[in-house]
Amino acid sequence: MPSTERPLLAAVDIGGTFTDITLQEATTGRAWTAKTPSTPRDPSEAFLTGLRLALDLAGRDPGEIGRVLHGTTVATNMILEGRTARTALVTTSGFRHVLEIGRADLPRRDNLWAWVKPRRPVPPEHVFEVAGRIAADGAELAPLDESGVAAAARAIAAMGAEAVAICFLHAYANPAHELRAAALLRELLPGLAITASTEVLPVLREYERSMAAVLNAAVMPAVSTYIARLQARLAEAGIAAPLLLMKSNGGVAGAAAIRRSPAQTALSGPAAGVVGARAMAAAEGVTDLITVDIGGTSADICLIEGGRIGLTQSGRIGPWPLPLPMLDMVTIGAGGGSLARAGAGGLTVGPASAGAEPGPACYGRGGTEPTVTDAHLYLGHLPPRLLDGRMALDPALAETALARVAGPLGLSLEATARGILAIADNNMVGAIRVVSVERGHDPRGFALVPFGGAGPLHGAALADLLGMRTVLVPPAPGVLCAQGLVAADLRAEFSRSLARPLDAVTEEALETGFAALEAEAARWFAEEAVPPEAQSRSRAVLMRYAEQGFELPIPFAPVAALGRDFAAAHQALYGFDLPGIAIEVVTLRVTATGRLHALPPLPPSGGDVAAATLGTQPMRLAGRVAEAPVIARTGLGVGASVAGPAIIVQLDATTLVPEGWRAEVGASGALLLRR
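Using my numbering, you'd call the opening residue of the sequence shown number 672 and step up by one each time.
The following block contains the structure:
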C-alpha cells in the first residue's frame, strides 16, 4: 500500500496509437495526466517516456511512486497476429485432434460454403499423446504413463518448441496426472514455458480448456520477457514500486501471477476503461451506463447496470474461444484511425486502420488514405494542434486524402467527410444495440459514457441515434483507461467443475467445493500481500438447463433456492424459463477481491467559460460555416456551461458540443452533455 514516503500511484495504459499515463497522489486524489505516441516495436519505451512526462508535469521524484499499474495488450496482439511462441500440446491418448475438431458451429456471419477453418495455434504434428486416464468423477481408470511423458519431452525438444501446454481428459475433476506431467516436463525441459490446463481453466469442455492452456503457454515467453524488461527499466529509473497488471475481469494482479497466467490479460486495456467509467459515473450519481471506448483502431462497448459490470466466460480472442472470466463487452473495428475507402459497393469505413504508424493523413507521417480523424479535422471538429500543442495537424493533407475517396464517388469533400462519420457512428450504434437491445435493455434509460482519444467527438451523435438523453464525458477521457487502473482492486477467480444434476447436489458437496476454492483464494491473498481487512470473497454457482451449451452465474444460496434463482435469471435474460426441465450445476466459482482504496481525482478548480475561451475556429455545419468557440477544459470549473456549436480541448481528447447541445461541468468534473 502507498506510504507517506511513496504516496504516488502511477498508471500506464498502452494503446495501439497512444500510451496514456495517470499519476495520482493517494492521500489527496490530486492527479496529473500525460500522453505520448506508442512504440509498437518495444512498448516499454513509451511506458518510461510517459512516466517521465507525468513526473516532470507534477514536479515529483521517481522514488515517490508507491505502486505502478499497467494495462497491456502484448498477449492480445500476439494471439491476433499469430506471433505466438512455437508451442507443443501434451494430451490424453486418443485426443490428438481435439483442437482440429473444435466445435461444429461456424463463426457468425461467415459463409457456409466459403468458410475455411483457421489454422490452429498447435498443428496435429506438434500434439503428443500420453497414456493414462481420469474418469469424469475424478477416479483414476489408468495410471499416467511417465515413460510416455519422457518420450514426449524428447520429441518436444527435437521440434524446437519454446512452450508446452498440457490438457488431459477430465483433469478438472482430478488434476493429479496433469500436475505430475507438468513437474516431469519442467524437469526434463528446463527453460521452457509449461502450462497445465488446470492451472488456467480447471473446468469441463475439452476444446475450450485445451485452447486456453495452449494460448496461455504460447504467449508466456514473450509476456514474461516483457514484464522482466519493464521491471528492469523501472528499477533503472529509480522506481522500486511493485508492478500490478490489469486482467480481463476488471481487477489487477501482481507480476508473478501474470507471468504464470498471461492469458488473463487478454482484455486488459478495455477492462481498465470500463472500471474507470464506472467510478467516474458513480461520482455523478449515475449507475446505469453504456460505455464506448473509441481509440485509434477499435471501439469497445460495455453495459453497466446498477453499478455492476457484467462478466462472461464466453469470450473470444480473434477466432479462438478463451473462456476465462472477462468483462462482457463488444469490440468492433471503428476508431479515429479507421480507413475510409471507395469500392464497388460505395464508401466503407474500417475495420482497417492507419494505426500509430503512419497514422491519419493529417498527422503528416506518410499516411495518404483518409480516416475518421481526417473527416473531423476537415469539418472543424478538431483544433489545429493536439497534445497541448505538441502535435500539429495538417488540414491540407486531410483534404488531399478525402479527395482520393470523394472523386471516385462523385461527392464533395464535405459530403464525403459527413458520410465517413455517419458510417462510423452507425457501425458503433450497431455494437451498442448488441449489448443493450439484444439483451433486453432499452438504451434510452442509460447514460452514454464516451471516452478514449476519439470518444468525445462522437458522443452526442451516438446519443442522438439511440435516443439517449445524457452523455457523460469523463474529466480525462483520453486517459480513462489509465485512471481506471488506479480505481481497480486486486481480483482473481477460482473455479472448479461439479457437473451434476441440481437434485443430486447436497449442501455438504457445495460447502466442500467452495472451501477448497477459498483455500486457493487465501493462498492468493498471501502471495499478493493483501491485509485481512482489505480481503473479500463472493461465491457463485454456474448453472444451466440439462444439455444446454452455456451456463448462467447465480449468487450462492441454499440448494433449495438455487433452482428458483436460476429460473428467474433465465427468464430475465432470455424472456422464458423451462419448468419441468432438469437443472444442472456445472461449475463453482469464488471471486477474491483485495480492496486498494484509491481516492477519486479532485474536481476541477477552473473558472468561467469566458476566461477559458481560447478563440474561435470555422466549423462546417449543415448548409453553412460558423465560428465555433475553442474552450480549454482545464479552465472550466464545476457548474460552467457551454452551448454548442463548440469544441472543448484538453491534452488527451477533444469534445464536440454540436449545435443544439449544451455541456455542463458536473461535481466530479465530468461534462454532462444534453440536448
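In this text, a Cβ means the ideal position worked out from N, Cα and C, and glycines have one as well.
Query                                                                                                                                                              : Result
Just the Cα atoms here: how many angstroms apart are R738 and F1122?                                                                                               : 25 Å
Curious, which full-length beta strand (DSSP E) runs of at least 3 residues does the region 855-920 contain?                                                       : 864-867, 914-917
In the structure shown, what three-state DSSP assignment does M1062 receive?                                                                                       : strand
Would you list the residues sitting across from P1300 in a DSSP beta bridge?                                                                                       : T1287
Using 8 Å for Cβ pairs, my map puts L1213 next to L1343. What's the rounded Cβ distance?                                                                           : Contact flag wrong, Cβ pair sits at about 39 Å.
Applying the 10 Å Cβ sphere with the 16-neighbour rule, what's the burial state of T1258?                                                                          : buried
Taking the alpha-carbon of L1267 as reference, which of E1204, Y1245, I898 has the nearest alpha-carbon?                                                           : E1204
Write down the C-beta distance between A682 and L740 rounded to the nearest angstrom, noting that I regard them as a contact closer than 8 Å.                      : 4 Å
Expressed to the nearest angstrom, what Euclidean distance is found between the alpha-carbon atoms of A1192 and T1264?                                             : 9 Å
Could you tell me whether the Cβ atoms of G1315 and E1335 are closer together than 8 Å?                                                                            : no
Give the single residue among D1113, D776, E955, L728 whose Cα lies nearest to the Cα of L1137.                                                                    : D1113
Measure the C-alpha to C-alpha separation of T755 and P792 and round it to an integer number of angstroms.                                                         : 8 Å
To the nearest angstrom, how far is the alpha carbon of P990 from that of P789?                                                                                    : 8 Å
Let me check one thing: in DSSP terms, what residues is F1165 bridge-paired to?                                                                                    : V1261
Three-state secondary structure (DSSP) at R712?                                                                                                                    : coil
Using the three-state DSSP reduction, which class does F689 fall into: helix, strand or coil?                                                                      : strand
Assuming the contact rule is C-beta atoms closer than 8 Å, G686 and G977 should be a hit. Round their C-beta distance to whole Å, please.                          : Incorrect: roughly 29 Å between the Cβ atoms, too far for contact.
What residues match up with D684 in a beta bridge as DSSP calls it?                                                                                                : D691, G742
What does the Cβ neighbour count give for W786, buried or exposed, with the cut at 16 atoms within 10 Å?                                                           : exposed
Just list the beta strand (DSSP E) runs in the region 718-768, keeping only unbroken ones of 3 residues or longer that don't cross its boundaries, in chain order. : 736-742, 758-763
For the region 894-911 against the region 927-945, are there 3 or more C-beta pairs whose distance is under 8 Å?                                                   : yes
Look up W1195 in the DSSP assignment and say whether it is helix, strand or coil.                                                                                  : helix
Can you find the residues in the same chain that come closer than 6 Å, C-beta to C-beta, to G809, ignoring five residues on each side of it along the sequence?    : A844, N845
Please confirm whether A864 and A834 have their CB atoms less than 8 Å apart.                                                                                      : yes
Got a sec? Which residues, its chain only, sit under 6 Å from E1348 by beta carbon, not counting five neighbours each side?                                        : Lying outside 672 to 1346, the shown extent of the chain, residue 1348 is not represented and no answer is given.
Any contact between the region 969-988 and the region 944-952? By contact I mean 3 or more CB pairs, one from each, below 8 Å.                                     : yes
Going by the CB atoms, is the gap between M1099 and L1133 shorter than 8 Å?                                                                                        : yes
In this structure, does DSSP put R677 in helix, strand or coil?                                                                                                    : coil
Under the rule that 16 or more other beta-carbon atoms within 10 Å means buried, what is I1003, buried or exposed?                                                 : buried
Report buried or exposed for A1095, applying the criterion of at least 16 other Cβ atoms within 10 angstroms of its Cβ.                                            : buried
Just to confirm, are G921 and L998 a CB contact at a threshold of 8 Å?                                                                                             : yes
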